[in-house]
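The block underneath contains the structure these notes are about, expressed in structure tokens.
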Amino acid sequence: PSPAVGLHPELVAHLAFNSGGVDPHHDSDFERGPPRFSGGLSAAWDLDPDRFVEPSLRLAAEALVKVRGFSASGALYLAFASSGERIDDQRFAMFGGLLQASYLLLPKIELSARYAVVSIDDDLRRHAAGRAAQLVAAAPDEARAELLARYEEAGRLRWEQEATLGVNVYLFGRSLRWRSDLSWLLQSWADGDRDQVRFRTQLQLAY
Numbered sequence: 020p021s022p023a024v025g026l027h028p029e030l031v032a033h034l035a036f037n038s039g040g041v042d043p044h045h046d047s048d049f050e051r052g053p054p055r056f057s058g059g060l061s062a063a064w065d066l067d068p069d070r071f072v073e074p075s076l077r078l079a080a081e082a083l084v085k086v087r088g089f090s091a092s093g094a095l096y097l098a099f100a101s102s103g104e105r106i107d108d109q110r111f112a113m114f115g116g117l118l119q120a121s122y123l124l125l126p127k128i129e130l131s132a133r134y135a136v137v138s139i140d141d142d143l144r145r146h147a148a149g150r151a152a153q154l155v156a157a158a159p160d161e162a163r164a165e166l167l168a169r170y171e172e173a174g175r176l177r178w179e180q181e182a183t184l185g186v187n188v189y190l191f192g193r194s195l196r197w198r199s200d201l202s203w204l205l206q207s208w209a210d211g212d213r214d215q216v217r218f219r220t221q222l223q224l225a226y
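The numbering used here puts the sequence shown at residues 20 to 226.
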């Protein structure tokens, strides 16, 4: 809705190996072909990251397998944050993972399952909580209530997980999909776990 405050140049590298003519742009196996495989590694380095806002370095590994209408994919990533003014001042921030599988039951109907997890480093959480306390303490009295509300949960989230089952209906080729899924969301906070159930249904265009 508004112009970016500043530009953040990044260096990005991606290396992949694809076998059997696999199409890595779509997770689903529309071709229903023989076993095919794709694997890759990537890295993204932000040359001028906003400290306390975004990671400075991200490393990821990914894999995709397709066979006879079934497909499975997974990805793991590590994120690092800048801890100083020097380029080599990096601290581990978080890791995440994603596993998902789908099967084309009929040409236009697909069943899917997904599991995702994100875990935040304990040192980063303590640093976030300490910085939030400093910001609140240094704020003028009239702004303190707003900052307290904004940073109330800073550094308290440990990890979160999501498990999802879904059904996809392809209404018009691959350009229009009706997607419905049911998810269990679990978060681990400093004061205990929180969970909730989410159902959503949506139309997706040109994905």
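All C-beta atoms in this analysis are idealised placements derived from N, C-alpha and C, irrespective of residue type, glycine included. A quick note: this is a predicted structure, and the numbers were derived from the prediction, not measured.
In the displayed model, R175 falls within coil according to three-state DSSP, outside both helix and strand.
Per DSSP, the continuous alpha helix (DSSP H) segment holding L143 begins and ends at 141 to 157. Taking 8 Å as the cut-off, the Cβ atoms of R77 and A98 count as close. For L83, the number of other beta carbons within 10 angstroms of its own is at least 16, and it is reported as buried. The C-beta separation of S75 from A100 comes to about 6 Å, placing the pair in contact by the 8 Å criterion. When secondary structure is reduced to three states using DSSP, A120 falls in the strand class. Following the DSSP letters along the chain, one finds L201 inside the beta strand (DSSP E) bounded by residues 195 to 208. Excluding sequence positions up to five before and after K127, its CB lies within less than 8 Å of the CB of V188, Y189, L190, all in the same chain and listed in chain order. In this structure, the straight-line span from the alpha carbon of S202 to that of Q223 is close to 18 Å. Boundaries of the beta strand (DSSP E) harbouring E81: 76 to 86, taken from the DSSP string.
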